[in-house]
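Peer 1: Chains as they are written, first to last, in the working numbering: chain A, 52 to 520; chain B, 162 to 563.
Using N, Cα and C, we set each Cβ at its ideal position, and we do this for glycine too.
Here it is, the structure in full.
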Amino acid sequence: MQSLIPILERIVGPQRVRHRRAELATYAMDGLPTRESPPGLVVMPGTRAEVIAIVRALHEAGVPWVARGAGTGLSGGAVGDQETVVIALTRLNRILRVDPMRRRAVVEPGVVNARLSEAVIQHALAYAPDPSSQTACTIGGNVAENAGGPHCLKYGVTTNHIAELEVVLPDASVVRLGSGSGDAWGPDLVGLFVGSEGMFGIAVEITVRLVPFPAAVRTFLADFTSIRAASEAVSAIIASGIVPAALEMMDQVCVGAVESSIFAAGYPTDAAAVLLVELDGAVESVAGEANLVESLLGRSGARTVRSASAPADRARLWQGRKKAFGALGRLAPDLAVQDAVVPRSALPDVLDQVGAIGRRHELLVSNVFHAGDGNLHPNISFDRRDAALARRVHVASGEIMETCVLAGGSITGEHGVGSDKRDYMPLIFDPATLDAMCSVRRVFDPAERANPGKVLPVHACREWRRGAA
Amino acid sequence: MSDAILTRLRALLGTNGVEREPDGVPRATPDSIEAVAQVCHLAQEEGWRVRVEGLGTWLAPDAPADLAVSTRALDQVVSVSPADLVATVQAGTPIEQLRRRLADQGMWLPLDPPGRPDRTIGSVLATATAGPLRLGFGPVRDHVLGCAVVTGDGRIVRAGGRVVKNVAGYDLTKLQVGGFGGFGVITEVHLRLRALPRADVTLTVRGARDALTAAARELAGAGFTPSAFEIFSPALAADADWVLAVRFTGTDAAVEAQARRMHSESDLAWQALAPERSAAFWAMTARAVAGGPVTFRLGVLPDGLDETLDLVTHDLEEGLIAAGAGGGMRWTGSAAPERLRAIRRATAAREIPMTLERAPWQLRQEIGHFGAYREGVGQLVGRLRETFDPRGTLSVALEGEG
């Protein structure tokens with residue numbers, strides 16, 4: 052590792068290679084509180100050419116590496132170990148082109164998600180995926196993890212908004228996948244690349260689709276005396292044919308945390324569940340759908356329904372939801388954020404079981420989640436310095452995951468597998484499918500040096516190079 | 162040789178699962194995913210070339226092969242969940258059969274692929290042939306949550322899942338959708354559904370091509386949210402002139418209001434189609450796309466539509482054209498390989514990919530579904546094909562000869 056320092060310094064300059072212990076500690080974690088492991092080196096390229104040169108040097112030296120954006124990921128995906136070099140991409144933060152007519156923007160991977168939307172707002176356009184960390188997380192990280200967000204119920208997740216990628220493969224060759232128009236020149240390799248968790252290469256130029264600002268937006272906040280009633284409201288709205296822009300739920304613990312924090316948004320603290328519904332689209336559509344949603348909420352037992360159309364009023368309704376994770380951070384030093392998906396119809400039963408698991412392990416569990424697509428975020432508040440408590444969190448997390456899988460769900464809806472959920476992969480994929488994933492990874496990275504140890508369980512790759520036999 | 166293959170297949174599947182195609186090639190019609198896997202495994206062991214078919218209504222079943230594997234006996238709707246709006250469907254299910262089944266329960270798969278209504282869902286996925294509804298509901302891949310695939314050497318890979326949001330593992334489903342069967346045989350699919358819209362209104366207007374594309378461009382920026390907005394050539398619309406059609410779906414109030422505003426915001430003489438005529442119109446235009454031997458699609462953006470229409474109609478006959486106001490166009494007609502190559506070169510220079518969707522084998526082999534890839538991509542595709550079809554068992558011409 053030491054011998055790499057001068058090689059990398061020649062590429063990026065001595066200021067951009069970090070190797071002191073204190074410097075490396077900054078890169079020992081991402082948003083996942085349960086994995087801490089400093090890398091061997093950190094290198095911070097500022098240009099596409101530097102990225103290519105770095106990857107080539109590491110390829111020649113046979114050293115594994117981890118590409119990293121803002122480090123806000125929640126699955127340990129951007130964390131390496133002593134044997135790996137972290138390639139920090141935050142300096143590649145230029146918005147290269149905006150084409151309002153074609154509704155496209157071309158960006159470098161280190162561009163912060165929210166900055167992109169700010170940069171295109173003057174054209175009445177937006178970049179739709181809006182993960183909770185959007186003021187910090189980068190588009191490159193979003194591509195790696197196929198990030199979602201509250202508004203992906205209607206607009207889709209990251210994969211639906213990427214038209215073209217320029218990718219540096221682990222052998223330092225460069226390929227362009229997809230096309231500006233969004234149709235591929237061949238099979239859908241952009242679709243395959245997005246969500247590959249940094250294991251197929253580094254996207255150094257990303258062409259995203261932009262969406263027009265809706266002509267009208269209407270937000271509703273409804274509160275319920277049971278989670279079941281709120282879940283039924285969710286199902287009723289979806290069954291009506293309306294696809295809201297967002298459909299978010301918070302449980303009582305979560306509402307309590309928000310309301311006792313500086314982010315207090317006036318949510319009723321005695322409600323078992325609070326539901327946020329947002330409609331957007333043509334003026335006529337929103338008006339028609341709003342009437343229907345209001346009556347469906349009432350019929351499902353909503354105690355009160357507030358609604359807002361003006362941006363400032365809507366922001367007030369959203370505030371509690373947007374700041375939920377910040378507020379939950381006040382309850383305990385650490386928060387284990389889960390990210391399972393269940394069929395919408397299973398929501399009430401699964402939430403009951405999650406509550407029971409929390410009680411059994413004497414843990415504080417709160418729920419704030421994307422109800423419309425069944426994407427749960429059961430959060431466990433804890434202090435990782437208490438080893439016994441951390442173990443209980445680990446066991447409870449596993450039980451929650453199994454519950455969701457048994458209900459027909461998935462182990463992750465938007466945070467990715469990373470190292471955190473790697474061992475759950477066999478719960479939802481059989482050996483032949485895991486083996487196929489191993490083979491696909493080797494198509495992009497035969498030496499398995501890009502983000503090693505993530506996504507695929509160690510024993511999943513049973514037959515080495517089956518195709519070559 | 163074909164008699165021996167017939168015998169081996171009958172030993173594997175029983176006499177019901179094996180017959181001969183019109184061209185004499187033995188055809189296996191396995192009725193389970195496992196049976197498809199057995200056939201592929203046997204074929205790769207014996208070194209037989211396999212062509213994969215649905216009902217043979219879109220791509221002609223004419224690829225050179227020692228045997229054909231048809232998904233036609235895999236025609237069951239395995240499960241439908243109205244509460245979750247998801248369905249699991251075997252690949253050989255005709256799309257019209259699925260549509261009726263879903264409509265009975267108030268659900269809808271907003272996919273209106275070109276071709277005959279008995280086209281199989283597997284065919285639609287493998288070729289990624291979306292229709293006009295792609296404007297409102299996205300391309301084919303957006304409707305697919307996961308799929309089971311049998312690889313060329315008979316492994317069963319189950320990609321994705323059954324929930325509407327899922328980032329677990331690599332997204333292998335994306336490779337299968339639009340892979341033209343080069344990465345395995347799609348045998349079962351998990352689909353995302355919608356509730357049947359309460360209102361569904363279509364307006365049409367006929368006129369000169371340029372007037373209609375100009376109007377479409379203007380209206381596309383006027384705050385409407387149509388589910389489909391498509392321009393058809395006279396031959397395709399069976400009309401004396403070009404036809405522009407817009408379709409609104411959703412709540413009654415929203416659909417009525419937008420249809421009303423469409424009349425007031427343009428000078429065009431929009432005609433609203435009665436509900437049964439509306440369904441017939443879209444079915445007719447979908448079916449008409451298969452009215453010639455060759456179909457290709459171009460990934461053109463709205464601002465390049467006029468120029469691309471000029472280019473295509475200059476180099477080829479006007480043919481059957483369906484072009485989206487939101488992008489993408491499809492052409493059907495007769496064309497020689499060198500003409501298609503010229504179109505591909507000309508559109509590639511404008512950063513517009515051309516995908517050959519259907520053509521006789523000779524043409525597919527010569528110019529390929531995709532043609533030449535960008536630098537480096539061909540190697541990735543080649544290695545991916547090796548991964549999913551190690552011995553080249555599946556008879557598919559993705560690239561062509563050049």
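Taking Cβ-Cβ distances shorter than 8 Å, what residues in chain B pair up with residue 246 (chain A)?
Peer 2: Those within 8 Å of residue 246 (chain A) in chain B are 328, 331, 332.
Peer 1: Under 8 Å: do the segment 164-178 of chain B and the segment 267-276 of chain A share three or more Cβ pairs, one atom per stretch?
Peer 2: Output reads no: the segment 267-276 of chain A does not touch the segment 164-178 of chain B.
Peer 1: Can you pull the chain A neighbours of residue 242 (chain B), defined as C-beta to C-beta under 8 Å?
Peer 2: The answer, in chain order, is 394, 396.
Peer 1: In the structure shown, what three-state DSSP assignment does residue 152 (chain A) receive?
Peer 2: The answer is coil: DSSP assigns residue 152 (chain A) none of H, G, I, E or B.
Peer 1: May I have the straight-line CA-CA distance separating residue 339 (chain B) from residue 238 (chain A), to the nearest angstrom?
Peer 2: Looking at the two C-alpha atoms, the distance is approximately 6 Å.
Peer 1: From this set, B:419, B:253, B:444, B:266, which residue's C-alpha is nearest residue 433 (chain B)'s C-alpha?
Peer 2: Considering only alpha carbons, the answer is B:419.
Peer 1: If we ignore side chains and look at the alpha-carbon of each, how far apart do residue 507 (chain B) and residue 492 (chain B) end up?
Peer 2: Their Cα atoms are separated by approximately 15 Å.
Peer 1: Could you check which residue in A:427, A:306, A:170, A:215 has the C-alpha nearest to that of residue 144 (chain A)?
Peer 2: Ranking the options by Cα distance to residue 144 (chain A), first place goes to A:170.
Peer 1: For the alpha helix (DSSP H) containing residue 202 (chain B), list its first residue and its last residue.
Peer 2: Per DSSP, residue 202 (chain B) belongs to the alpha helix (DSSP H) from 194-207.
Peer 1: Quick one: what does DSSP say residue 520 (chain A) is sitting in, helix, strand or coil?
Peer 2: With a pLDDT of only 35 at residue 520 (chain A), under the threshold of 50, the placement of this residue in the model should not be trusted; the figure read from the coordinates follows. If DSSP states are grouped into helix, strand and coil, residue 520 (chain A) belongs with coil.
Peer 1: Going by CA-CA distance only, name the one from A:301, A:80, A:231, A:504 that's closest to residue 399 (chain A).
Peer 2: Selected option, being the one with the closest Cα: A:301.
Peer 1: Once DSSP output is grouped into helix, strand and coil, what is the label at residue 307 (chain B)?
Peer 2: Reduced to three states, the DSSP call for residue 307 (chain B) is strand.
Peer 1: Closer than 7 Å by C-beta to residue 461 (chain B): which residues in its own chain qualify, once you throw out the five before and the five after it? Chain order, please.
Peer 2: The answer, listed in chain order, is 469, 488, 489, 490, 513.
Peer 1: Give the range of the alpha helix (DSSP H) segment to which residue 220 (chain A) is assigned.
Peer 2: That residue, residue 220 (chain A), is in no alpha helix (DSSP H); it is neither H nor E in DSSP.
Peer 1: Check each residue of the segment 281-300 of chain A: if its Cβ is closer than 8 Å to any Cβ of chain B, include it; give the result in chain order.
Peer 2: The segment 281-300 of chain A vs chain B, Cβ under 8 Å: 286, 289, 290, 291, 292, 293, 294.
Peer 1: Taking a contact to mean a Cβ-Cβ separation below 8 Å, would you say residue 7 (chain A) touches residue 473 (chain A) in this structure?
Peer 2: What is shown of chain A runs 52 to 520, which leaves residue 7 (chain A) out entirely.
Peer 1: Closer than 9 Å by beta-carbon distance: list the chain A residues that pair up with residue 292 (chain B), in chain order.
Peer 2: Here the premise fails: no neighbours, minimum Cβ distance about 15 Å.
Peer 1: Let's test the definition: count the other Cβ atoms within 10 Å of the Cβ of residue 139 (chain A) and tell me whether it reaches 16, buried, or not, exposed.
Peer 2: Residue 139 (chain A) is buried by the Cβ-count criterion.
Peer 1: Are the C-beta of residue 419 (chain B) and some C-beta of chain A separated by less than 8 Å?
Peer 2: Chain A contact via Cβ: present.
Peer 1: Go to residue 307 (chain A), then tell me how far its alpha helix (DSSP H) extends in each direction, as first and last residue.
Peer 2: Unbroken alpha helix (DSSP H) run through residue 307 (chain A): 303-310.
Peer 1: Run through the DSSP bridge pairs and tell me what residue 515 (chain B) is partnered with.
Peer 2: B:459.
Peer 1: Would residue 242 (chain A) pass as an interface residue toward chain B - the criterion being a Cβ-Cβ separation below 8 Å?
Peer 2: Yes, because at least one Cβ of chain B sits closer than 8 Å to the Cβ of residue 242 (chain A).
Peer 1: Within the 8 Å Cβ cut-off, does residue 525 (chain B) reach chain A?
Peer 2: So no, residue 525 (chain B) is outside the interface.
Peer 1: Would residue 561 (chain B) be called buried (16 or more neighbouring beta carbons within 10 Å of its own) or exposed?
Peer 2: By the 10 Å Cβ count, residue 561 (chain B) comes out buried.
Peer 1: Touch check for the segment 290-301 of chain B and the segment 316-336 of chain B: three-plus C-beta pairs under 8 Å?
Peer 2: No, the segment 290-301 of chain B does not touch the segment 316-336 of chain B.
Peer 1: At the level of alpha carbons, what is the spacing between residue 355 (chain A) and residue 84 (chain A)?
Peer 2: Approximately 37 Å, taken between the alpha carbons.
Peer 1: CB-CB under 6 Å to residue 110 (chain A), same chain, minus the five flanking residues each way: which ones, in chain order?
Peer 2: For residue 110 (chain A), where only same-chain residues beyond five positions count, the Cβ hits under 6 Å are 222, 223.
Peer 1: Since residue 347 (chain B) sits in a beta bridge, which residues does DSSP pair it with?
Peer 2: Bridge partners of residue 347 (chain B): B:310.
Peer 1: Quickly, what does DSSP pair residue 432 (chain B) with across the bridge? List them, please.
Peer 2: According to DSSP, which records beta bridges pairwise, residue 432 (chain B) is partnered with B:365.
Peer 1: Using a Cβ cut-off of 9 Å, pull out every chain B residue sitting near residue 227 (chain A), in sequence order please.
Peer 2: Ordered by position in chain B, the residues that pass the 9 Å Cβ test against residue 227 (chain A) are 535, 536, 537, 538.
Peer 1: Mind checking if residue 454 (chain B) is an interface residue toward chain A, Cβ cutoff 8 Å exclusive?
Peer 2: Chain A, which has no Cβ nearer than 8 Å to the Cβ of residue 454 (chain B), makes this no.
Peer 1: Taking all protein chains shown into account, do 16 or more other C-beta atoms lie within 10 angstroms of the C-beta of residue 176 (chain B), making it buried, or fewer, making it exposed?
Peer 2: Flag for residue 176 (chain B) reads exposed.
Peer 1: Please classify residue 508 (chain B): does DSSP put it in a helix, a strand, or coil?
Peer 2: Note: residue 508 (chain B) maps to helix in three-state DSSP.
Peer 1: Between which two residues does the beta strand (DSSP E) harbouring residue 475 (chain B) extend?
Peer 2: Premise fails: residue 475 (chain B) lies in the alpha helix (DSSP H), 466-476, not in any beta strand (DSSP E).
Peer 1: Below 8 Å, how does it come out for the segment 235-253 of chain A and the segment 361-371 of chain B: are there three or more Cβ pairs, yes or no?
Peer 2: The segment 235-253 of chain A, when compared against the segment 361-371 of chain B, does not touch it at the 8 Å Cβ threshold.
Peer 1: Consider the Cβ of residue 415 (chain B): report whether some Cβ of chain A lies at a distance smaller than 8 Å.
Peer 2: Residue 415 (chain B) counts as touching chain A.
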